[in-house]
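Protein chains in written order, with the working numbering: chain E, 6 to 534; chain Y, 6 to 534. Idealized CB from N, CA, C, for every residue including glycine. Everything on this sheet refers to the single structure shown next.
2 protein chains.
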Amino acid sequence: MPSKQIPIANPPPLAFPSPRQCPGTFCKAQGETSIGRRHWGTCPGLILVWSHLNLLIRNHDLDMIYVVGPGHGAPAALAALWLEGSLERFYPDEYGCNAEGLKNLITRFSVPGGFPSHINAETPGAIHEGGELGYALAVSFGAVMDNPDLIVTCVVGDGEAETGPTATAWHAIKYLDPRESGAVIPILHANGFKISERTIFGCMDDKEIVSLFSGYGYQVLVVENLDNIDDELQNALEWAVSEIKKIQKAARSGEPIAKPRWPMLVLRTPKARFIPASMERAGSDKEQLKALDDWLSSYKIGELIKDGKPTKTVLDVMPHTNEKKLGQHKATYNPYVGLKAVDWQYFGAKKGTSQSCMKLTGKLLDKVFQENPQTIRLFSPDELESNKLDALLEHTQRNFQWDQYSRANGGRVIEVLSEHNCQGFMQGYTLTGRTAIFPSYESFLGIVHTMMVQYSKFVKIAREVKWRGDLPSINYIETSTWARQEHNGFSHQNPSFIGAVLNIKPEAARVPVLSPTTNRAPPFRNWVN
Amino acid sequence: MPSKQIPIANPPPLAFPSPRQCPGTFCKAQGETSIGRRHWGTCPGLILVWSHLNLLIRNHDLDMIYVVGPGHGAPAALAALWLEGSLERFYPDEYGCNAEGLKNLITRFSVPGGFPSHINAETPGAIHEGGELGYALAVSFGAVMDNPDLIVTCVVGDGEAETGPTATAWHAIKYLDPRESGAVIPILHANGFKISERTIFGCMDDKEIVSLFSGYGYQVLVVENLDNIDDELQNALEWAVSEIKKIQKAARSGEPIAKPRWPMLVLRTPKARFIPASMERAGSDKEQLKALDDWLSSYKIGELIKDGKPTKTVLDVMPHTNEKKLGQHKATYNPYVGLKAVDWQYFGAKKGTSQSCMKLTGKLLDKVFQENPQTIRLFSPDELESNKLDALLEHTQRNFQWDQYSRANGGRVIEVLSEHNCQGFMQGYTLTGRTAIFPSYESFLGIVHTMMVQYSKFVKIAREVKWRGDLPSINYIETSTWARQEHNGFSHQNPSFIGAVLNIKPEAARVPVLSPTTNRAPPFRNWVN
């Protein structure tokens, strides 16, 4: 726990102004939440965090990205982006900081032509496709790799936390070298409910939660006192930043902490609190209309927005410069870092000879990685050697901070038996401009079938968004296809991943084929992307 | 810890006869493991557990299934199945308990026509397709649901434990009602290595592991003393059974324990221990051949098998009757439990009227579930209500033991935001003969694309295996297709799951289509299976 109270100059609007109440008891008392209530439930917490991050960035001049995991969380991001002027910067005609812009934001929301209700590539500051839950955390860790000054704050909803991909992504700290990489502040937002069922994490008590995440390797701080939620959250964030700096300072001064215990927060807030019990018929029912009006008026919007513009109270908690704002960090919209080219023809095999294309590819990769020491990584579900890419290990090694032998050695290879983590790390690393490669057996790449499809949606829209710059491709090397099944047999056969890539439009994906033995290694730019 | 030592009448062969050594240090000292070494690594632990389970079944007359998670674990299962005579029972011509059968087992292994190196439907006792790791644990929990006397012992490898699906499957105890369901004894087998990289769990110390799994809700016992591994493992298994019986007794006498802390074991053994450093060229190199011979001879196979038959020493630790043997439990090979039929026409809509087909389906399901109170379940990623199936909740409810409101009420619906858990539960429930339904949005069913494909491989082979009986179908209700996107939009679009089902041969899969409004509810037997 932080020992000193950090003064908050201009406290952001309170999302939860009244006394603490047990989330479960509250919601049970109110009966089941309606669709509107449950989708709204995540937004107050997201905005609360956004407001406090603004202050944190101001206090420490941080480079920060905010990854919003919870489903239907876009309204929170969009409101904050409008307030901080990021929507105005990227959409000056539609969403200016004025009455017209505010009206457009509200009336076009979640209808064709407006912003969708999930975070997507149209959302400034976003490096993550919302909707299909589970990937926010792994993406966040990928983004901070080789970005030593970057901190990604990642909110994981307690619904999303039930997914397998998130459940294993908590282990990602074990692959994060504080000497060369930045840090993630994970915030588990436990508001007690998914759409209509209670959540696992909402029904775990603090002892269970602290035990679980301590086991993962974190220091855990639970923020839950609604009487004093602003101070508590701000102090917790200050504590997280100071813990991160300690770990990084130690590693960067040559004395890395073994198994550093990174900070994480658990934010407990009740879902759908203060929403009127009934408001579905507010369009025709005067009582419901009044209840709705009373509720919305309780936010005192007039103190926050005047004449269609955010007031000084709001603007004073923003970061000092535009590029520090959560919606305008350059790494989120114009991050492209090129690779130094390598003469691939040198790695060809002589005509008439027969060599393993994978062995040759390994040698080419070895050279590419040597020439680009901080801008390329390989993620693999422990199949580097069985895929004959081991030549890559001649000048680099594996990176696994929990293993004393690979700690703090700058290894470029992460081998974790989670295709979801491999894909998530690759996405985060790529969407912040660097290049990643994911080799895997053909049958098991399908494990991330939908992640790949969701990612391609993000990229498709990103290419249509004018203010986003180029992105590197994500690169798979699909191996162990039907022609090379050897001893593994039926369980290792499934060609559907390539089928899914081929379904994507040609401007977004390419699929070159290597024969098992070849007389020429492939040009680097031609892999599946 | 158990207080009394359970005497072991006839100790099974020791897999690890010599002093304890740190797995990491050992393997690092020996250099990287070769493919043979690493694939062999899991088998000693699996056989050790199998042997002790035999004794446990004898001691307590248990109904038990053994689910083997680790990849390339089939040799362990096959050896044990041959020893206990289960291979002879199901394959009398090929794998009898005699010299010819033993020779066939060895020479045909992992070549066309023989058993594969991963567990599959040809393996007696198996209810789980091996190879694609991550699903053993969820399948085990599905199998014990509504099987009050069944215990599934599930070994999860420390490679598999890194997968997302496994990471969230540990939460499955929270959906297990001890009043009506059996229990799982999960054994995390931490041998330190995957194929070539260290594992996360192998590099976590006991404090981290105990903290993590206590947080999940377990009581954890670490078995790691190689000097005395047999006694320690047997005592740990005895303890697990006694804890299970306590929890079940309390629940079944009407006084359920809130948040019961189910037992689990962590078994630490070093991988590839005692294997000669080099044996790849044993066919031509005399030194390597001698090293290989010395190593194999150290197992004193002559004391275990004589004249091609298991000796009395081995047979004396087997369960008393065939049906109690791990390879011959009826629930694993002939489990079919039919459903009482319901007159579906009653739930049709009148000609000329328009009704939601999902609402009608919900009403039909309500009736089906009433008529079959212990043999049908629904698993959903919290989409029951948004999919308009809420009529089902009129006579049953959700089942979530961590929530006081749904504890011990026999709810037939589990809503967990993990498609992997939903699919795994459904597979385990179905492969032990009962019927399950999994409704989900079209775009997110693809999350379990490869699980569904692997399951269909198991079923395809199971239908070809003569000694396996009929199985119920697994049933998806795919909703929110392109025609019903409403506010969710692009992120919720992906029709590829149906495409994957259509790729499966028609004798294994059917896909009927319902229009959003219909004048007839579908006959129950015609859903996607």
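Item	Value
Are at least three pairs of beta-carbons, each pair with one atom in the stretch 397 to 409 of chain Y and one in the stretch 93 to 100 of chain Y, less than 8 Å apart?	no
So what does DSSP say about residue 422 of chain Y, is it helix, strand or coil?	coil
Helix, strand or coil for residue 68 of chain Y per DSSP?	strand
Does the beta-carbon of residue 358 of chain E have 16 or more other beta-carbons within 10 angstroms, so that it is buried, or is it exposed?	exposed
Any idea if residue 288 of chain E is buried or exposed, counting beta-carbon neighbours within 10 angstroms, 16 or more meaning buried?	exposed
Within the same chain, show all residues whose beta-carbon is closer than 8 Å to that of residue 370 of chain Y, passing over the 5 residues directly before and after it, in chain order.	383, 394, 396, 397, 442
Would you say the beta carbon of residue 134 of chain E comes nearer than 7 Å to a heavy atom of the ligand ATP?	As for the ligand ATP, it is missing from this structure, which has no ligand bound.
Could you check whether the stretch 261 to 274 of chain Y touches the stretch 237 to 248 of chain Y, counting it as contact only if at least three pairs of C-beta atoms, one from each stretch, sit closer than 8 Å?	yes
Kindly indicate which three-state DSSP category residue 159 of chain E falls into: helix, strand or coil?	strand
Between the Cα of residue 87 of chain Y and those of Y/313, Y/303, Y/296, spot the shortest distance and give me the residue it belongs to.	Y/313
Give the list of continuous beta strand (DSSP E) stretches no shorter than 3 residues that lie fully inside the stretch 394 to 462 of chain Y.	418 to 420, 440 to 446
Give a yes or no on whether 8 Å exceeds the smallest Cβ distance from residue 218 of chain Y to chain E.	yes
How far does the alpha helix (DSSP H) with residue 201 of chain E in it extend, from its first residue to its last?	Run containing residue 201 of chain E: none; DSSP gives neither H nor E here.
Just by C-beta distance, which residues in the stretch 448 to 474 of chain Y are closer than 8 Å to chain E?	448, 449, 451, 452, 454, 455, 458, 459, 462, 466
What are the residues of the stretch 262 to 279 of chain E that lie near chain Y, defined by any Cβ-Cβ distance shorter than 9 Å?	264
Helix, strand or coil for residue 181 of chain E per DSSP?	coil
In the DSSP assignment, find the alpha helix (DSSP H) that holds residue 144 of chain Y and state where it starts and stops.	141 to 149
In its own chain, which residues sit with a C-beta less than 8 Å from the C-beta of residue 47 of chain E, not counting the 5 before and 5 after it?	75, 76, 77, 78, 81, 162, 194, 196, 276
DSSP state of residue 325 of chain Y, grouped into three classes?	coil
Please say whether residue 167 of chain E and residue 422 of chain Y have beta carbons closer to each other than 8 Å?	yes
So which residues of chain E does residue 208 of chain Y contact, with C-beta pairs closer than 7 Å?	407, 408
Residues of chain Y with CB closer than 8 Å to the CB of residue 387 of chain E, please, in chain order.	164, 199, 200, 201, 202
Pull up the distance between the alpha-carbon of residue 482 of chain E and that of residue 451 of chain E, whole angstroms please.	13 Å
By how many angstroms is the C-alpha of residue 173 of chain E removed from the C-alpha of residue 445 of chain E?	19 Å
Would you mind stating whether residue 155 of chain Y and residue 130 of chain Y have Cβ atoms separated by less than 8 Å?	no
In this structure, does DSSP put residue 509 of chain E in helix, strand or coil?	coil
Quick one: what's residue 384 of chain Y bridged to in DSSP?	Y/419
Have a look at E/177, E/219, E/344 and flag the residue whose alpha-carbon is nearest the alpha-carbon of residue 378 of chain E.	E/344
Say whether the stretch 215 to 232 of chain E touches the stretch 214 to 221 of chain Y, bearing in mind that this needs 3 or more beta-carbon pairs closer than 8 Å, one atom from each stretch.	yes
Listing by chain order, which chain Y residues have their CB less than 9 Å from the CB of residue 167 of chain E?	173, 176, 386, 387, 421, 422, 423, 426
Please name the residue or residues paired with residue 194 of chain Y in a DSSP beta bridge.	Y/162, Y/272
So which residues of chain E does residue 125 of chain Y contact, with C-beta pairs closer than 9 Å?	494, 495, 496
Assuming contact is defined by CB atoms lying nearer than 8 Å, are residue 135 of chain E and residue 496 of chain Y in contact in what I supplied?	yes
Would you kindly check if the distance between the Cβ of residue 293 of chain E and the Cβ of residue 302 of chain E is under 8 Å?	no
Answer with yes or no whether the minimum CB distance from residue 532 of chain E to chain Y is below 8 Å.	Caution is warranted here: a pLDDT of 34 is assigned to residue 532 of chain E, below 50, making its placement in the model unreliable, and the coordinate value is therefore given only provisionally. With 8 Å as the cut-off, residue 532 of chain E does not count as an interface residue toward chain Y.
For residue 514 of chain E, would you say it is in contact with chain Y, using Cβ-to-Cβ distances shorter than 8 Å as the test?	no
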